[in-house]
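*Asks:* If you're matching them up, the sequences are chains R and B in order.
Residue 147 in my numbering sits at position 147 of the first sequence; the count goes up by one each step and never skips.
Add 1000 to the 1-based position in the second sequence for my numbering, that's all there is to it.
Attaching a single structure in structure tokens format; questions to follow.
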Amino acid sequence: MSDSFNFGALFSGRDVIGSTLHEIGLKNDKLYVVTSDIGGALKDFKRDLPTHYIDTGIAEQSAAGVAAGLALEGNIPVIMGMIPFLTMRACEQVRTDICYQNLPVRIIGTGGGLTSGGGSTHNAMEDIAIMQSMVNMTVISIGDPNMIRDILYLGMDYPGPMFIRLAQGKADHLLYEPGSQKFEIGKGLIARDGKDCTIFAHGEMVFQAILAAQELEKEGISVRVVDMYSIKPLDGELVEKCVAETGNVIVLEDHLMYGGLASSIADYLMDHRIEPRSFKRMGIPQVYAGFGSGEELRNKYHYGLQDTIDAVKACVK
Amino acid sequence: MADQKEIIRLQDLAYEMRQKLLNLCGSYQGAVHIGGDLSMTDLLIGLYHHALNVDPKNIKMPERDRFILSKGHGAVCMYIAMAMRGFFDYDEIVRTYGKLDSAYGMHPCKVQLPGVECSSGSLGHGLPMAVGMAISARTKGEKHRVFCMMGDGESAEGSVWEAATVAHSQNLGNLVVIVDRNRQFMTSFSEDLVKLEPYCDKWRAFGFRVVEINGHDMGEIIDAFDSLPAPDSDQPTAIIANTVKGKGVSFMEHNLGWHAGKLGPNDLAQAMAELKAAYEKERGC
């Protein structure tokens, strides 16, 4: 990789995970990787730390249970896998073995939203709703592939379980110059400032929101984009500040429109009796989305780039 | 062969434990899973009073053996076995069991009750966690064992066999599964609607060393524990203990109605009398 930074360049979050876990694992023998036949990016870890690389076979329930057992012994296990199988096949193990016992297991899932390309079996549109409903669970959604490195380091000292959502993880857009941002659990990040409207987004959708903001700027509309990578705990203060400063709110996410970040923000606003000038959710409707690329599906279900631009124009009128 | 004096000591403890279980089943206002408690009583005595290297005064002792009760609905049986070993106070268990803010609930909670290794209650969850604990011990070179007590009914859960695959793949000679093979589920008898046989062969096929015992014969129980391969050996063990649900109380044995229940005063008196008569016969009193 060259040392110059190009916004939007494609980069593999999975490679960042592989190199970061390798780096941490060489220094800290509490780190274990548990996978269910996933982990091409982990070949260095597997080679150099074979006793700490546990492949359960295609068996997410036992991966979650084994990780809980490792954590009960004071270790910090990282489970890698595809989101629907970690969050739904192993849902009860995550809830009962990991969250109930409040264990520091890190669950890293790839294929967030409609990015997997695998159709509805592999799409991940319910995961945030499921994971954020679990007591003790922290939910993080990665927008910039380099962010995962900071989050994994934070995760070595952070108490309790954590779910970390990636998009496809193979080729995601760079948003921030490496080292330019400080990521904290429970905080959001103003990725681009503006005054007419705030788009709250997470994961892959932050990039799309920034592209929309760039387009709208040409028409004199100033859009703030907030990267809400910490979905739970939610940065309520930032939500309040953005409502106060921009009035209009759009929540854009590659997840079901209800149950994810939009619902959390709506709950926060209602609980605190804050009424934005306008509030719009953009995400997956009640549908099993079928086949196509992430971008094609977002356009089909009306939360693509042009839809985002149109939504901002409609709300700032 | 097991020492006869040790067998008698443990049998006496098992007798005392059955009385304690029945007393609780008579005093608690709700249902107690008494059937499956009585089927694993002898096994838990064998574990907590003979096999397990544990210290009630130092519950976090690093080299302690780990015990996971995968059949979490038998929690009270574990609480009492541990109380008799000095971990807890039996009277407090009886006084608070199942009540608001008690640490002693129907299913064990590690967070609320230090000394319990692992929260359980959802069936099929214990073995995967035991496997994770055994992997941790193995990679750190620790010499303790991890024991996991399962009910036979929960071996219908797929997660059990997922974990068995991992145990075999990881060569976990420090892992000991004990199955309370009481041949009764909540609503049916084993092999009636759900077939588990050939049960021992299944564990063998998954790479386990299998020892089949009578789970009410204290000599066989402690022989099975005393002859475990070294923790740094490479094959996990499954002890399949053939037991009777409700063991020791005639109207509970082989009776689907006594998966869980509350004993009335007359039934309690009869159950106690039966236990006493059986014990005295055994001792030749």
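Every residue, glycine too, gets a C-beta built ideally from N, C-alpha and C.
Every value quoted in this text rests on a predicted model; they were computed, and no experiment measured them.
1. Any Cβ of chain R within less than 8 Å of the Cβ of Lys1060 (chain B)?
2. Whether or not the region 1019–1039 of chain B and the region 1075–1093 of chain B are in contact is what I'm after, with contact meaning three or more pairs of Cβ atoms, one per stretch, closer than 8 Å; do they touch?
3. Where DSSP assigns a beta bridge to Ser230 (chain R), which residues make up the other side?
4. Report, in whole angstroms, the separation of the C-beta atoms of Gly1115 (chain B) and Ile1059 (chain B), which I expect to be a contact under 8 Å.
5. Quick one: any contact between the region 1087–1105 of chain B and the region 1127–1145 of chain B, if contact means 3 or more CB pairs under 8 Å?
6. Identify the residues that DSSP records as bridge partners of Pro1114 (chain B): which are they?
7. Could you tell me the alpha carbon to alpha carbon distance between Asn146 (chain R) and Gly109 (chain R), rounded to whole angstroms?
8. Leu114 (chain R) to Lys1071 (chain B), Cα distance in whole Å?
9. When the Cβ atoms of the region 260–278 of chain R are set against those of the region 227–238 of chain R, are three or more pairs found closer than 8 Å?
10. Taking the CB atoms as reference points, tell me whether Val1177 (chain B) and Cys1148 (chain B) lie closer together than 8 Å.
11. For Ile274 (chain R), which residues from the same chain have a beta carbon less than 7 Å from its beta carbon, with the 5 sequence-adjacent residues on both sides left out?
12. From what residue to what residue does the alpha helix (DSSP H) around Ser62 (chain R) run?
13. In the DSSP assignment, the beta strand (DSSP E) including Ile24 (chain R) goes from what residue to what residue?
14. Sort out for me which residues DSSP pairs Pro77 (chain R) with in a bridge.
15. Given 8 Å as the limit, is there contact between the region 42–49 of chain R and the region 62–79 of chain R, that is, 3 or more CB pairs closer than that?
16. Closest to Glu204 (chain R) by C-alpha separation, out of R:Ile221, R:His122, R:Tyr303, would be which residue?
17. Find the nearest neighbour of Met1272 (chain B) within the set B:Ile1008, B:Gln1011, B:Lys1020, judged by alpha-carbon distance.
18. Going by DSSP in three states, Ser1233 (chain B) sits in which element: helix, strand or coil?
19. Name, going along the chain, the residues of the region 40–62 of chain R whose beta-carbon falls closer than 7 Å to a beta-carbon of chain B.
20. List the residues of chain B whose Cβ lies closer than 8 Å to the Cβ of Cys66 (chain R), in chain order.
21. Which residue's Cα is closest to the Cα of Gln1170 (chain B): R:Val66, R:Asp144, R:Asp172, R:Met162?
22. So Ile164 (chain R) and Arg106 (chain R) are supposed to be a Cβ contact under 8 Å. How far apart are they, rounded?
23. Let's see if you can read the secondary structure: which residues bound the beta strand (DSSP E) around Val201 (chain R)?
24. So which residues of chain R does Thr1139 (chain B) contact, with C-beta pairs closer than 7 Å?
25. For Ser1049 (chain B), return the contacting residues in chain R, with the cut-off set at a CB-CB distance below 8 Å.
26. Could you pull the start and end residues of the alpha helix (DSSP H) that Arg1145 (chain B) belongs to?
27. Hey, would you say Ile1222 (chain B) sits closer than 8 Å to Leu1038 (chain B), going by beta carbons?
28. According to DSSP, is Gln1019 (chain B) helix, strand or coil?
29. Quick one: list the residues of chain R neighbouring Glu1117 (chain B), beta-carbon separation under 8 Å, in chain order.
30. According to DSSP, is Ala1238 (chain B) helix, strand or coil?
31. Any C-beta of chain R sitting closer than 8 Å to the C-beta of Val1111 (chain B)?
32. What three-state label does DSSP hand Arg298 (chain R) in the structure shown?
33. With 8 Å set as the bound, which would you pick, yes or no: does the beta-carbon of Gln132 (chain R) sit closer than that to a beta-carbon of chain B?
34. Please list, in chain order, the residues of the region 91–103 of chain R that have any C-beta partner in chain B closer than 8 Å.
35. Closest Cβ-Cβ distance between Val1122 (chain B) and chain R: below 8 Å?
*Replies:* So, from the data block:
1. no
2. yes
3. R:Ile140
4. 5 Å
5. no
6. B:Val1116
7. 16 Å
8. 39 Å
9. yes
10. yes
11. Glu240, Val243
12. 60–72
13. First-last for Ile24 (chain R): 13–27, but that is the alpha helix (DSSP H), not the beta strand (DSSP E).
14. R:Tyr32
15. no
16. R:Tyr303
17. B:Lys1020
18. coil
19. Thr51, His52, Ile54, Thr56, Gly57, Ala59, Gln61, Ser62
20. The question names Cys, but residue 66 (chain R) in the sequence shown is Val. Those within 8 Å of Val66 (chain R) in chain B are Pro1128, Met1129, Val1131, Gly1132, Ile1135, Ala1163, Val1166.
21. R:Val66
22. 6 Å
23. The residue you asked about is not Val; residue 201 (chain R) is Ala in the sequence shown. Taken as a continuous stretch (DSSP letters only), the beta strand (DSSP E) holding Ala201 (chain R) covers 197–201.
24. Thr51, His52
25. Per the sequence presented here, residue 1049 (chain B) reads as His, with Ser not at that position. The premise fails here: His1049 (chain B) is roughly 24 Å from chain R at the closest Cβ pair, so nothing lies under 8 Å.
26. Looking at the DSSP string, Arg1145 (chain B) is not in any alpha helix (DSSP H), and its letter there is neither H nor E.
27. no
28. helix
29. Leu72
30. strand
31. yes
32. helix
33. no
34. Glu92, Gln93, Thr96, Asp97, Tyr100, Gln101, Asn102
35. Reading off the sequence, residue 1122 (chain B) comes out as Ser, not Val. Yes - at least one Cβ of chain R is within 8 Å of the one on Ser1122 (chain B).
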